[in-house]
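What follows is a single structure, written as structure tokens, with notes after it.
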Amino acid sequence: MIIPVRLGEASYDIEISRGAIDLAAEKIMKKDRKVCVVTDSGVPTEYAERLLASLGNGAILQVFPQGEANKNFDTLQGVLRTMLEAGFTRSDAVVALGGGVVGDLAGFAAATYMRGIDFYNIPTTLLSQVDSSVGGKTAVDLDGYKNMIGAFWQPRAVFIDPDLLATLPSRQISNGLCEALKMGATSDPELFELFESNDVLAKPDLIEEIIIKAITAKRDVVEIDEREGGLRKVLNFGHTLGHAIESSCGLSLLHGECVALGIPPMCESAELKERLAKTLGNIGLDTDAAKYISDKNTVLEALTHDKKSASGGKISAVLLKDIGSFEFVKLTPEELIERLD
Ligand SMILES: NC(=O)c1ccc[n+]([C@@H]2O[C@H](COP(=O)([O-])OP(=O)(O)OC[C@H]3O[C@@H](n4cnc5c(N)ncnc54)[C@H](O)[C@@H]3O)[C@@H](O)[C@H]2O)c1
9 MIIPVRLGEA SYDIEISRGA IDLAAEKIMK KDRKVCVVTD SGVPTEYAER
59 LLASLGNGAI LQVFPQGEAN KNFDTLQGVL RTMLEAGFTR SDAVVALGGG
109 VVGDLAGFAA ATYMRGIDFY NIPTTLLSQV DSSVGGKTAV DLDGYKNMIG
159 AFWQPRAVFI DPDLLATLPS RQISNGLCEA LKMGATSDPE LFELFESNDV
209 LAKPDLIEEI IIKAITAKRD VVEIDEREGG LRKVLNFGHT LGHAIESSCG
259 LSLLHGECVA LGIPPMCESA ELKERLAKTL GNIGLDTDAA KYISDKNTVL
309 EALTHDKKSA SGGKISAVLL KDIGSFEFVK LTPEELIERL D
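In our numbering, the protein residues as written are 9 to 349.
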């Protein structure tokens with residue numbers, strides 16, 4: 009299935025199909041060019057070998073150690089230096105083969121090398137297949153603060169291959185499902201209903217449908233508001249507190265696990281909060297933030313650094329009013345912390 013993303017000159021297609029990884033080379037190598045495949049040490053090597061074989065002689069591989077802690081300037085510099093030493097020019101390309109960490113970092117490398125070269129994304133985690141591979145947000149972290157340095161840089165194409173998830177640990181499946189559930193809660197009641205009325209973890213056949221629905225919902229938002237001037241902020245539902253918890257817990261929790269902790273506090277009614285907590289629980293995610301926060305001051309400090317900070321010391325956040333209905337609100341860091349209680 010092909011889902012087009014219509015963004016004028018930056019338009020591109022998302023190919024979602026079993027075996028999509030094998031379709032990438034034909035599209036990328038339409039031009040005779042060099043390609044830098046970026047991956048991390050946790051992505052099974054067989055995927056990179058398969059991709060490199062199909063890309064042919066022009067392709068080189070850059071592998072960095074897995075984990076959010078490596079989404080930083082040192083790793084970025086390593087990728088850029090590899091391309092420089094290999095003589096990459098503006099007509100060459102970067103391909104991300106990995107989860108959101110690889111995609112964000114490789115995308116930023118593509119955005120900055122010689123002021124921007126072509127970027128392709130082959131996401132290999134569920135989180136990246138339902139969310140991060142589409143929309144053009146690229147970034148690295150700085151001094152422990154998430155995504156502080158980055159750029160909007162749309163990929164030329166995205167290839168989503170659900171078969172690549174076969175090697176993914178179950179904790180990472182729950183992590184990815186959180187972002188899809190978030191999308192359903194704010195923007196697609198049918199998608200949310202899938203989570204509410206099915207034991208998704210016991211039905212792997214549903215995953216492809218979830219990927220299609222979640223990525224379509226994200227595409228619809230990005231087409232309206234590419235640069236997060238307004239509507240796109242809805243994708244941050246659960247992320248304002250989630251990011252702050254992620255920064256303050258020293259990266260011991262996964263991104264989706266932190267977002268799950270940040271979702272119930274941002275529901276308007278107690279009933280809705282309960283409904284979201286239950287549905288998150290069904291996909292293996294804990295929502296009891298108190299268990300993971302040893303010192304609220306560290307969360308407060310992270311909130312004040314939040315890049316979404318608005319003027320007057322208030323932070324933009326998304327309040328869920330009902331499934332499929334939300335409101336943008338501005339809260340002080342202290343008001344946000346109170347919501348955790
Ligand atoms: N750009 C965006 O719009 C956006 C949106 C949401 C999240 N993000 C970012 O995404 C990142 C999180 O992404 P993630 O959850 O994919 O984490 P990740 O990229 O760290 O991947 C998780 C782990 O799975 C391993 N892995 C990857 N593919 C695998 C496979 N097929 N089989 C087995 N292991 C595999 C990786 O090596 C890694 O250890 C965060 O940095 C977050 O900020 C970006």
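All C-beta atoms in this analysis are idealised placements derived from N, C-alpha and C, irrespective of residue type, glycine included.
Since this is a predicted model, take the numbers as computed values, not measurements.
| field | Nearest neighbour of Lys304, chosen from Leu113, Asp171, Trp161, Ser255 [CA to CA] | value | For Lys304, the nearest C-alpha among the options comes from Ser255.
| task | Give a single yes or no on whether Asn183 has its beta carbon closer than 7 Å to a heavy atom of ligand 2. | result | Ligand 2 is absent from the structure shown, which contains only ligand 1.
| task | Please state if the CB of Ile68 and the CB of Ile219 are separated by a distance shorter than 8 Å. | result | no
| Leu60: beta carbon under 7 Å from a heavy atom of ligand 1? | no
| message | With the cut-off set at 8 Å, would you say Ile29 and Val142 are in Cβ contact? | response | no
| field | Val13: first and last residue of the uninterrupted beta strand (DSSP E) it sits in | value | From DSSP, the beta strand (DSSP E) with Val13 extends over 10 to 13.
| query | When the Cα of Phe245 is compared with those of Ala174, Leu214, Cys266, Met122, which residue comes out closest? | reply | Cys266
| Between which two residues does the beta strand (DSSP E) containing Tyr20 stretch? | 20 to 24
| Nearest to Ala174 by alpha carbon, out of Gly158, Leu134, Phe167? | Leu134
| query | Say the cut is 7 Å; is the CB of Asn129 nearer than that to a heavy atom of ligand 1? | reply | Taking 7 Å as the cut-off, one finds no heavy atom of ligand 1 near enough to the beta carbon of Asn129.
| Distance between Ile301 and Leu199 (C-alpha atoms, nearest Å) | 31 Å
| query | Near Ala252, which residues of its chain fall below 7 Å by C-beta distance, leaving aside the five closest residues on each side in sequence? | reply | Val307, Ala310, Leu311, Asp314
| field | Straight-line gap, Gly289 to Val166 (C-alpha atoms, nearest Å) | value | 30 Å
| Using a threshold of 7 Å, is the CB atom of Glu76 nearer than that to any non-hydrogen atom of ligand 1? | yes
| said: Taking the straight line between their C-alpha atoms, what separation do you get for Leu63 and Gly144? | reply: Here the C-alpha atom of Leu63 lies approximately 23 Å from the C-alpha atom of Gly144.
| Where does Phe127 fall in DSSP's three states? | strand
| said: Assess contact between the region 278 to 295 and the region 224 to 234, defined as three or more Cβ pairs (one per stretch) separated by less than 8 Å. Is contact present? | reply: no
| task | Check each candidate in Asp139, Ile331, Ala225, Leu92 and name the one with the smallest Cα separation from Val109. | result | The closest CA to that of Val109, considering only Asp139, Ile331, Ala225, Leu92, is found on Asp139.
| task | Please state whether DSSP places Tyr153 in a helix, a strand or coil. | result | strand
| message | Could you give the first and the last residue of the continuous alpha helix (DSSP H) run that contains Ser205? | response | 197 to 205
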